[in-house]
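Residue numbers (full-length UniProt numbering): 1 to 292.
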């Protein structure tokens, strides 16, 4: 699918540019000068290989990003389904971090035009995909649930670049500001809920993602309970039960009604107890002990 394609070509392209940056600098060092001829030849050939990869993948990256921009603009709902949205948000967060975060200096290469690499244009494309989905609340939630690459200051840095170094319309800038505000608010709410809930019981955690399940289902062959979004995402690339490799179709999974009820009750009770504690603290009284 398009999200997998974009993830792959973007990763290959940007990894090659980072390697080109590293090798180009290495070839100017005293350490390189001290290498024997065979070692020098090996490093030089590796640099040329990375240059060739970068040229090939950059062409594919431009084409894939154009397609993703078009599809997210016209078919936004298809990209915010539970089995897709987390992967898409994680990919966008990761590449936004590479483009505007601390690692961005690794993309500074000589003769960027040789590879048809325009960092500002690529960042614009990434921003456009974000903007196309900014009104989808589950996309906002997926952004902030990405514990690996989401950083609020990347949204602020991107806004700064949009205003100072990129050709972006006033409407696009306002749309990004709207998105950044929603993301910041969602991140604050998520952090507060996670603090209030504390550590969930292990039995309520998705066995593959180690996250609190939202829509638990039972896999008919292995009898394992897993979140629906997790198994849907797994089945996009592998039509088997991840626990025993038996063939599996999404229509075969069964809702785990009892687990869903227990999770919802635990969340409601935990959050209610936390609210009571806060209200009691604000009123200056000892909260009632409801543990017995």
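Beta carbons: idealized from backbone N, C-alpha and C, even for Gly. Here the structure is a predicted model, which means the values were calculated and not measured.
Coil, strand or helix - residue i by DSSP
i	result
residue 214	coil
residue 97	helix
residue 320	Outside the displayed span of the chain (1 to 292) sits residue 320, for which this structure offers no information.
Inter-residue Cα distance where the pair is residue i and residue j
i	j	result
residue 154	residue 36	43 Å
residue 19	residue 201	43 Å
residue 79	residue 231	17 Å
residue 171	residue 240	45 Å
residue 220	residue 89	30 Å
residue 196	residue 274	6 Å
residue 292	residue 96	Because the pLDDT of residue 292 is 48, which lies under 50, any placement of that residue in the model is unreliable, and the question is left without a value.
residue 108	residue 209	35 Å
residue 73	residue 13	24 Å
residue 132	residue 234	26 Å
residue 270	residue 147	23 Å
residue 272	residue 174	37 Å
residue 67	residue 2	8 Å
residue 203	residue 266	12 Å
residue 53	residue 116	12 Å
residue 198	residue 283	23 Å
residue 75	residue 122	21 Å
residue 160	residue 114	28 Å
residue 168	residue 263	45 Å
Residues near residue i by beta carbon distance below 6 Å, same chain, minus five either side
i	result
residue 47	23
residue 259	216, 225
Neighbourhood of residue i by C-beta distance below 7 Å, restricted to the same chain and skipping five residues each side
i	result
residue 296	A query on residue 296 cannot be resolved here, the shown segment of the chain reaching from 1 to 292 and no further.
residue 106	18, 21
residue 207	224, 226
N-terminal and C-terminal residue of the alpha helix (DSSP H) that residue i is part of
i	result
residue 226	Careful: residue 226 lies outside any alpha helix (DSSP H), inside the beta strand (DSSP E) at 225-227.
residue 23	2-26
residue 156	152-164
residue 46	37-74
residue 130	119-132
is_contact[residue i, chain C] using C-beta, thresh 8 Å
i	result
residue 270	In the structure shown, chain C cannot be found, because there is only a single protein chain.
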